[in-house]
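Colleague: The listed protein sequences derive, respectively, from chains A and B. 1 is the number of the first residue of the first sequence in our numbering; add one for each residue after it. 1001 is the number of the first residue of the second sequence in our numbering; add one for each residue after it. The structure's right below; bear with me while I get my questions together.
There are 2 protein chains.
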Amino acid sequence: MLYLIGLGLSSVEDITVRGLNVVRKSKRVYLEAYTSILMAASKEDLESFYGREVILADRELVESDSDSILKGADQNDISFCVVGDPFGATTHTDLVIRARELGIKVEAIHNASIMNAVGACGLQLYNFGQTVSLVFFLDNWKPDSFYDRIKENRDIGLHTLVLLDIKVKEQSFENMARGRLIYEPPRYMSIETAASQLLEIEQMRGENVYSPDTPCVAVSRLGSPQQTFVAATLSELANLESGNPLHSLVILGHRTHEMEIEYLLEFAQDKQKYKADVATEVEAAKAKIAPFVEDEEDN
Amino acid sequence: MLYLIGLGLSSVEDITVRGLNVVRKSKRVYLEAYTSILMAASKEDLESFYGREVILADRELVESDSDSILKGADQNDISFCVVGDPFGATTHTDLVIRARELGIKVEAIHNASIMNAVGACGLQLYNFGQTVSLVFFLDNWKPDSFYDRIKENRDIGLHTLVLLDIKVKEQSFENMARGRLIYEPPRYMSIETAASQLLEIEQMRGENVYSPDTPCVAVSRLGSPQQTFVAATLSELANLESGNPLHSLVILGHRTHEMEIEYLLEFAQDKQKYKADVATEVEAAKAKIAPFVEDEEDN
C-alpha cells in the first residue's frame, strides 16, 4: 500500500495519530521536500520522532523516478509524507495515477493545509474564491495570470488566498548551463515582496482589479506558535517586516461580513483606518457593479 | 487557554498528536455535536481513547451559553473539539470573539476538513470557486441562494463544492410549539436528495446554470475506510444509492483539466460516457461565454 500522509503545518506533532502509526510500520518513509516545508521540524526531528529513517524526495525523484518510490509497494507499506494535506499540490496526483497503473493500492491520511487553516484569520472559508499562486519575478519574467483570477474573484466579491512562492534546491542558470549540481540557498517569498509584486502588476495591467488601498490580511507562520496575522492595505503590507517564513496573503472581497471585520480588527494596527478602508472598498465595488447588473437583464 | 481542536474526518485516531496531548491535559473537554459528526467514533469511543470525560456541546450551549464553556479558561486549559477543522463553521468564530472579550487566550489546532480533503477526488483545489451549502427543503421553504453562487462559479469555469445539510437534535414544529423537549432522529442529506433538490431549483429558476447532464462527483464518507467517489451526471446521481453518511457533491466547472478527468474516470461507471459528458459541457460553456467576452470590451 502507498500511504499519502499529510503532516500538517508546523511541528512533528501535527501529524495525526493514525498517520504516525502508519509511518512507524512502513517499510520506507519519504518526505516530499520541494512544494512546502514543515516550519518547526527538520528531517532529523522527524526521524527521531518517528523512530524511522526519512528519505527526502525532491522534485526530480517524484516527477522523474516515481517508480523507485513505488518499488515494492504492492507487498509492503510505503509512506509518502507531504507538508499540509497530500492533495494540495498537483504533483501528488501524478504519483497516485502512476501507482494505479502499477496496480498498487493507495490511501490518503488527510491533514490541515493552508487551504482550510486560513480560516483562522477570521474570514469565512465559504467567502473565498479560487486560490492563486504568486512566483518570484525575474527582470524578464513576470507571469501575471493570477491577476485575471483575482479579478474573477473580486468581480463577485470573494476573498482571494494568494500562495507565495518557495524555491528549494534550485540551480542558478549558470550552474545549470554548466551542469554543476550546486544549489542556491532556499528562498521563501515574504509578504513585502508579494504585496510589491501584486502592485507592480496592477500598475502594468491597469484594470483596477485592486489598488494600494485594498484591504488585505498577511498570514505568517500559520499553525505555528509564531503565527501572526496583520490586517492592512496592500501598500502598507509592501512595507511590512513579515519575519520568518512561511507566508500567505489574503485579498479581501467586497462581500466581507460584519463579523469577519470584527474578527480582523484585532489584527489591525490602526483599527479605525482599516474599518474605513474596508467600507471604502465595499462602496467602490457597489458603484462598479451597478451598471454590470443592469447589463445582465439583456442576456 | 481555550483550545479549538480539529478532530479530522472519521476515526478517533484522526486527531493530531498535539491535539491529543492537549485534550489529555485539559480541565474540561467539549465536543461540538451539531455542525458535523465524526463518522466512525461515538462520544464513548472518544472518551475511552482520550481517557477523559467528553461533554457534548449542542447549538444551544455554544450559541446561548458560551460563557459556561469558557468558565475558568483564564486559569485552566479547556478543549473545544470540532469535527474537521475548527474554522469550518461560523459558530466557532463567535466563541473566539467571546473568549477575547473575556481576556481568555485562544489557540487553534488545525486538522483536515472537507474543504481541503475533497482534493482526494482528483479535482485540483485551486480550480474550486466558493463553497455552497444545501439545506433540506420543506414543502413551503426551499431556499435557493446557492443557485446564484453556483452560477457565479460556473460562469468562470470553476468547480463547486456543495455541502449537504445535517439535522441533529432538531425538534418538530409541533413539539417546539408545545414546548416539548423531544428531538427528531438525526438526518443526513444523501447524494440522491441533493441532486434532486439541485435539479428542482434549476427547473424553477430556469437560468440554465446546470442541467441533468452536468458532470459531478459524489463524495461519500470522505476520509473513512468506506470512502467512495462516483463520477456521474446530476440526473444519474439523483438515482444513486449513496449509502451511509456523510456526503458531499462537487459540480464540475468547464475549466476542468485533462489530468483531473483522467483521475476522475476511475470513479465513473461508464468511462466513455462520462468523458463525453465533460466534453459536451466544456463545448457548451465555450459557446455560452463567447458573446460575454465581447461585451466586456465596452466596460
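Quick reminder that beta carbons are idealized off the backbone N, C-alpha and C, glycines included.
1. Counting only runs of 4+ residues fully inside the segment 1191 to 1251 of chain B, write out the alpha helix (DSSP H) ranges in chain order.
2. Starting from Ala117 (chain A), trace the alpha helix (DSSP H) in both directions and tell me its first and last residue.
3. Given that a residue counts as buried once 16 or more other Cβ atoms are within 10 Å of its Cβ, and exposed if not, what is Glu1063 (chain B)?
4. Using a Cβ-Cβ distance cut-off of 8 Å, determine whether Glu202 (chain A) contacts chain B.
5. Could you pull out every unbroken alpha helix (DSSP H) segment of at least 4 residues lying fully inside the segment 1039 to 1117 of chain B, listed in chain order?
6. Under 8 Å, do Glu1207 (chain B) and Lys1275 (chain B) count as touching if we go by C-beta distance?
7. Mind listing which residues of the segment 1070 to 1084 of chain B have their C-beta closer than 7 Å to chain A's C-betas, in chain order?
8. In terms of residue numbering, what span does the alpha helix (DSSP H) encompassing Arg1154 (chain B) cover?
9. Enumerate in chain order the residues of its own chain whose CB-to-CB distance from Glu294 (chain A) is below 6 Å, with the five nearest sequence positions on each side excluded.
10. With DSSP as the reference, identify every bridge partner of Ile1166 (chain B), one or two as the case may be.
11. Would Gly1015 (chain B) pass as an interface residue toward chain A - the criterion being a Cβ-Cβ separation below 8 Å?
12. Here's a check: name, in chain order, each residue in its chain whose Cβ is nearer than 8 Å to the Cβ of Thr160 (chain A), leaving out the five neighbours to either side.
13. Is the Cβ of Leu1020 (chain B) closer than 8 Å to any Cβ of chain A?
14. Output yes if chain A places a C-beta closer than 8 Å to the C-beta of Met1115 (chain B); else output no.
15. Met1039 (chain B) and Met115 (chain A): beta carbons closer than 8 Å?
16. How would you list, in chain order, the residues of chain B whose beta-carbon sits under 7 Å from the beta-carbon of Ala112 (chain A)?
17. Where do the ends of the beta strand (DSSP E) carrying Gly6 (chain A) lie?
18. With a threshold of 7 Å on Cβ separation, who are the neighbours of Lys1043 (chain B) within its own chain once the five nearest residues in sequence on each side are excluded?
19. Based on Cα-Cα distance, which residue from B:Tyr1126, B:Glu1170, B:Asn1111 and B:Pro1185 lies nearest to Gly1006 (chain B)?
20. In the DSSP assignment, the alpha helix (DSSP H) including Val1022 (chain B) goes from what residue to what residue?
21. Might you give, ordered along the chain, the residues of its own chain that have their beta carbon closer than 7 Å to the beta carbon of Thr16 (chain A), omitting 5 neighbours on each side?
22. Run the CB neighbour count on Glu184 (chain A), radius 10 Å, all protein chains shown included, and call it buried at 16 or more, exposed below.
23. Would you call the segment 1017 to 1036 of chain B in contact with the segment 1066 to 1086 of chain B, where contact means no fewer than 3 C-beta pairs closer than 8 Å?
24. Between Ala33 (chain A) and the rest of its own chain, which residues show a CB-CB distance below 7 Å, the 5 nearest in sequence each way excluded?
25. Output yes if chain B places a C-beta closer than 8 Å to the C-beta of Gly223 (chain A); else output no.
26. Identify each residue in the segment 119 to 145 of chain A for which the Cβ-Cβ distance to at least one residue of chain D is less than 8 Å, and report them in chain order.
27. Output yes if chain B places a C-beta closer than 8 Å to the C-beta of Glu184 (chain A); else output no.
28. What is the DSSP secondary structure of Thr1034 (chain B), counted as helix, strand or coil?
29. Taking the C-alpha atoms as reference points, what is the distance between Ser26 (chain A) and Ser1048 (chain B)?
30. From B:Phe1137, B:Tyr1263 and B:Val1162, pick the residue whose C-alpha is nearest to that of Cys1121 (chain B); which is it?
31. Quick one: which chain A residues come within Cβ less than 9 Å of Met1259 (chain B)?
32. Is Met1189 (chain B) closer than 8 Å to Asp1165 (chain B) when the C-beta atoms are compared?
33. Measuring only between beta-carbons, confirm whether Val1282 (chain B) sits less than 8 Å from chain A.
34. For Val1293 (chain B), would you say it is in contact with chain A, using Cβ-to-Cβ distances shorter than 8 Å as the test?
35. Give the single residue among A:Leu102, A:Leu125 and A:Phe87 whose Cα lies nearest to the Cα of Ala1089 (chain B).
36. Under the rule that 16 or more other beta-carbon atoms within 10 Å means buried, what is Thr1280 (chain B), buried or exposed?
Modeller: Considering the structure as presented:
1. 1191 to 1205 and 1234 to 1237
2. Taking the first sequence and counting its residues from 1, the one referred to as residue 117 (chain A) is at position 117. Unbroken alpha helix (DSSP H) run through Ala117 (chain A): Ile114 to Ala117.
3. Here the question's residue 1063 (chain B) lines up with position 63 in the second sequence. With fewer than 16 Cβ atoms within 10 Å of its Cβ, Glu1063 (chain B) is classed as exposed.
4. For the purposes of this step, residue 202 (chain A) is taken as the residue at position 202 of the first sequence. Closer than 8 Å: no.
5. 1043 to 1050, 1059 to 1064, 1066 to 1070, 1090 to 1101 and 1114 to 1117
6. On the second sequence, residue 1207 (chain B) is found 207 positions in, with the first residue counted as 1. On the second sequence, residue 1275 (chain B) is found 275 positions in, with the first residue counted as 1. In this structure, Lys1275 (chain B) does not lie closer than 8 Å to Glu1207 (chain B) by Cβ.
7. none
8. Translated into positions along the second sequence, residue 1154 (chain B) becomes position 154. From DSSP, the alpha helix (DSSP H) with Arg1154 (chain B) extends over Ser1145 to Asp1155.
9. As a first step, residue 294 (chain A) must be located in the first sequence, where it is residue number 294. With a pLDDT of only 43 at Glu294 (chain A), under 50, the local geometry of the prediction cannot be trusted, and the value read off the model is given with reservation. So the list is empty, once near-sequence residues are dropped.
10. Locating residue 1166 (chain B) in the second sequence gives position 166, counting from the first residue. Looking at the DSSP assignment, Ile1166 (chain B) forms a beta bridge with B:Tyr1188.
11. The sequence position of residue 1015 (chain B) within the second sequence is 15, counting from 1. Per the sequence shown, residue 1015 (chain B) should be read as Ile rather than Gly. At least one chain A Cβ lies under 8 Å of Ile1015 (chain B).
12. Taking the first residue of the first sequence as position 1, residue 160 (chain A) is located at position 160. So the qualifying residues of the chain are Phe128, Gly129, Gln130, Thr131, Val132, Arg149, Ile150, Asn153, Arg154, Val250, Ile251 and Gly253.
13. Indexing the second sequence from 1 puts residue 1020 (chain B) at position 20. Closer than 8 Å: yes.
14. Position 115 of the second sequence, counting from 1, holds the residue named residue 1115 (chain B). Yes, because at least one Cβ of chain A sits closer than 8 Å to the Cβ of Met1115 (chain B).
15. As a position in the second sequence, residue 1039 (chain B) is number 39, starting the count at 1. As a position in the first sequence, residue 115 (chain A) is number 115, starting the count at 1. No, these two residues do not count as a Cβ contact at 8 Å.
16. Here residue 112 (chain A) refers to the residue found at position 112 when the first sequence is read from its first residue. Chain B residues near Ala112 (chain A): Gly1006, Asp1085, His1110, Asn1111 and Ala1112.
17. In the first sequence, residue 6 (chain A) corresponds to position 6, counting from 1. First-last of the beta strand (DSSP E) with Gly6 (chain A): Leu2 to Gly6.
18. Here residue 1043 (chain B) refers to the residue found at position 43 of the second sequence. So the qualifying residues of the chain are Leu1031, Val1054 and Leu1056.
19. Within the second sequence, numbered from 1, the residue matching residue 1006 (chain B) stands at position 6. Among B:Tyr1126, B:Glu1170, B:Asn1111 and B:Pro1185, the Cα nearest to that of Gly1006 (chain B) is on B:Asn1111.
20. Within the second sequence, residue 1022 (chain B) is the residue found at index 22, counting from 1. Its alpha helix (DSSP H) spans residues Val1017 to Lys1025.
21. In the first sequence, the residue the question calls residue 16 (chain A) occupies position 16. The answer, listed in chain order, is Ile109 and Asn111.
22. The residue you call residue 184 (chain A) lines up with position 184 of the first sequence. Exposed.
23. yes
24. Against the first sequence, residue 33 (chain A) aligns to sequence position 33. If we look at Ala33 (chain A) and ignore the five residues flanking it on each side, its Cβ neighbours are Leu56, Ala57, Asp58 and Val168.
25. Numbered from its first residue, the first sequence carries residue 223 (chain A) at position 223. Taking Cβ atoms only, chain B reaches closer than 8 Å to Gly223 (chain A), which makes this a yes.
26. Given the protein chain composition of this structure (A and B), no chain D is represented.
27. Numbered from its first residue, the first sequence carries residue 184 (chain A) at position 184. So, not an interface residue.
28. Taking the first residue of the second sequence as position 1, residue 1034 (chain B) is located at position 34. The sequence given here places Tyr at residue 1034 (chain B); Thr does not occur at that position. Tyr1034 (chain B): coil per DSSP, three-state reduction.
29. Here residue 26 (chain A) refers to the residue found at position 26 when the first sequence is read from its first residue. Here residue 1048 (chain B) refers to the residue found at position 48 when the second sequence is read from its first residue. In a straight line, the C-alpha of Ser26 (chain A) is about 27 Å away from that of Ser1048 (chain B).
30. One-based indexing of the second sequence puts residue 1121 (chain B) at position 121. Per the Cα distances, B:Tyr1263.
31. Taking the first residue of the second sequence as 1, we reach residue 1259 (chain B) at position 259. What Met1259 (chain B) touches in chain A: Thr90, Thr93, Asp94 and Ile97.
32. Within the second sequence, the letter at position 165 stands for residue 1165 (chain B). Within the second sequence, the letter at position 189 stands for residue 1189 (chain B). Yes. Within cutoff.
33. Taking the first residue of the second sequence as position 1, residue 1282 (chain B) is located at position 282. No, because no Cβ of chain A sits closer than 8 Å to the Cβ of Val1282 (chain B).
34. Here the question's residue 1293 (chain B) lines up with position 293 in the second sequence. Low local confidence applies: a pLDDT of 45 at Val1293 (chain B) is under 50, so the model's placement there is unreliable, with the coordinate-based value given in what follows. Chain A contact via Cβ: absent.
35. Position 89 of the second sequence, counting from 1, holds the residue named residue 1089 (chain B). For Ala1089 (chain B), the nearest C-alpha among the options comes from A:Leu125.
36. As a working mapping, residue 1280 (chain B) is identified with position 280 in the second sequence. Exposed.
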